[in-house]
Amino acid sequence: MGHEIDVAVEDARWDDAVPGLEAFVIRAVEAGLAAAPDSPAGPVEVSVLLADDATVQDLNKTWRGKDRPTNVLSFPAAPQPAQPGLARPLGDVVLAYDTLVRESAEQSKPLAHHLAHLLVHGTLHLLGQDHETGDADADAMEALEVAALATLGVPDPYAEPVAG
Numbered sequence: 723m724g725h726e727i728d729v730a731v732e733d734a735r736w737d738d739a740v741p742g743l744e745a746f747v748i749r750a751v752e753a754g755l756a757a758a759p760d761s762p763a764g765p766v767e768v769s770v771l772l773a774d775d776a777t778v779q780d781l782n783k784t785w786r787g788k789d790r791p792t793n794v795l796s797f798p799a800a801p802q803p804a805q806p807g808l809a810r811p812l813g814d815v816v817l818a819y820d821t822l823v824r825e826s827a828e829q830s831k832p833l834a835h836h837l838a839h840l841l842v843h844g845t846l847h848l849l850g851q852d853h854e855t856g857d858a859d860a861d862a863m864e865a866l867e868v869a870a871l872a873t874l875g876v877p878d879p880y881a882e883p884v885a886g
């Protein structure tokens, strides 16, 4: 039994953002799961919500006390014992369309690359990775992201742009 990746599109603008959107999201989440050193032994369930800035701002205010939109939020599920034949809920990842479009333009990166990066990033948070606990943890998480993205053909998002 494989992982269950549920994709919900709340904002219709996502539908035209990336060709084959649902399959793209699933591949990116699976890449994040595979790259983690503490990758789950059995099947897990991850829910991905593709929303807008207003939805993400509301969630960010409610759950983190920050009254502003952000690019991605991760909500790990409470630890649960494995149930034979069932995927273990890992948590939810929520992305904000407006912020992703703005950031990808500001960074001169294709939207698909930025989306893949944030899906991997959010998935790693569900697995306990945290870049806000110190430089070593941030470096370790970035290395996992770069490795996962490489499997998707996405260049290192932390590399300095090449002058042209």
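Using my numbering, the first residue of the sequence shown is number 723, and each one after it goes up by one. Note that the Cβ used here is the ideal one computed from N, Cα and C, for glycine as well.
Along the length of the region 804-848, whole alpha helix (DSSP H) runs at least 4 residues long occupy 819-828, 833-848, reported in chain order. Runs of the alpha helix (DSSP H) lying entirely within the region 724-763 and spanning at least 4 residues, in chain order: 743-757. Pairwise C-beta distances place the region 861-873 out of contact with the region 763-773, as fewer than three of them are shorter than 8 Å. Counted as a single uninterrupted DSSP element, the beta strand (DSSP E) harbouring Ala773 occupies residues 766-773. From the listed residues His835, Pro791, Val842, Leu840, the smallest Cα separation to Pro877 is found for His835. For Gly754, the number of other beta carbons within 10 angstroms of its own is at least 16, and it is reported as buried. At a Cβ-Cβ threshold of 7 Å, Ala818 and Asp760 do not count as neighbours. Cβ contact annotation for Leu772 (same chain, cutoff 6 Å, sequence separation greater than five): Val731, Trp736, Leu817, in chain order. Of the candidates Leu871, Tyr880, Glu744, Leu871 places its Cα closest to the Cα of Ala756.
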